[in-house]
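These notes are about the structure you will find just below.
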Amino acid sequence: METNACSTNRACHAISGVVLDVVQAMLRELSVNGKVDLADAERLISLVRRGPMTLDSAFAAQEEKCRTHHSKPKGNVGARSNPFQRLMVRPLEPLLGDILPRPLLPHYFQFVDTVLGPAARDELERDCRALIQALLVVHGNNLTWDHFYGDPRCIKILRRALAIIASILAQPHGPAMWRRHLGRPLGDIPAPDSARLDQILDTLLQTHHGLAA
């Protein structure tokens, strides 16, 4: 007997389908000229309610399919993801698209790497990966990026990174570094104009001031 895997969008109703398939098959066996006596139908339903052996293998197969489905990871944190880069993009997510095209994010990451320097960047990346590992202990394969972003330790990492970036941008050469990195095209993607560059930078600094308060 064929059974269906659980739906990912609703509660599992497949097991009721198993029972109905058995009832349907037994009704067909009882039918005469396409009709079934009501008393016969009630006796059949009573038999099915007691759990005939016909259902045992179907229930076992359905249970295994349900177990397989519900044991799948529900999270979206991939092993190849760079949590520090994702964290640095987090303040700019409302701007992604028209203001900051996603294909230009490598320019932003280069700016962040340059401003932070290898030592600070590596330390922040290590802290992000360590936090991911700690969260995996709690959430397992159900870990999502919302768990990561919402953790107070994550906010502290972002505050540290933005404090360094803000201190460099406050220096005379800081704005020029920003424009030199972000104000470049990439392939067919044009560079953001001055107004958009200022909006992206302002969003970043506003996040810094909000976290530092």
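Our numbering applies: residue 10 is where the sequence shown begins, and numbers increase by one.
Note that CB positions come from ideal geometry on N, CA and C, so glycine has one too.
In this text, all values refer to a predicted model and were calculated from it rather than measured experimentally.
Start and end residues, alpha helix (DSSP H) containing D211
Per DSSP, D211 belongs to the alpha helix (DSSP H) from 203-221.
Residues in the same chain with beta-carbon distance under 7 Å from H136, minus the five sequence neighbours each way, listed in chain order, please. With the sequence shown as reference, residue 136 is identified as Asp, and His is not the correct amino acid for it. Only I166 meet the Cβ criterion.
Taking the runs of the alpha helix (DSSP H) that are 4 residues or longer, which of them lie wholly in the segment 63-137?
With a minimum length of 4 residues, the continuous alpha helix (DSSP H) runs that stay inside the segment 63-137 are 92-98.
- Message: Using 8 Å as the threshold, is the C-beta distance between L305 and I209 below it?
- Response: Residue 305 is absent from the model: the chain starts at 10 and stops at 222.
(message) Please report the distance separating the alpha-carbon of R162 from that of L29.
(response) Cα to Cα, the separation comes out at about 52 Å.
Give me, in chain order, the residues of the same chain whose beta-carbon lies closer than 7 Å to that of H156; leave out the 5 immediate sequence neighbours on both sides.
Apart from sequence neighbours up to five positions away, the residues of its chain that approach H156 with a beta-carbon distance below 7 Å are L144, H148, ordered along the chain.
ask   = When DSSP labels each residue in this structure, what does L195 get in the three-state scheme?
value = If DSSP states are grouped into helix, strand and coil, L195 belongs with the strands.
* To do: Assign L213 to buried or exposed, taking buried as 16 or more other Cβ atoms, counted over all protein chains shown, within 10 Å of its Cβ.
  => Counting Cβ neighbours within 10 Å, L213 comes out buried, since at least 16 surround it.
Validate contact between the segment 118-138 and the segment 165-180 using beta carbons, cut 8 Å, 3 pairs:
Contact between the segment 118-138 and the segment 165-180 is present, because at least three Cβ pairs lie under 8 Å.
- Query: For L113, does the count of other Cβ atoms within 10 angstroms reach 16, so buried, or fall short, so exposed?
  - Reply: Buried: at least 16 other Cβ atoms inside 10 Å.
- Could you check what DSSP says for E11 in three-state terms: helix, strand or coil? Caution applies to E11, whose pLDDT of 49 falls short of 50 and renders its modelled position unreliable; the value that the coordinates give is listed next. If DSSP states are grouped into helix, strand and coil, E11 belongs with coil.
If you draw a straight line from the alpha carbon of L140 to that of E102, how long is it in whole angstroms? In a straight line, the C-alpha of L140 is about 21 Å away from that of E102.
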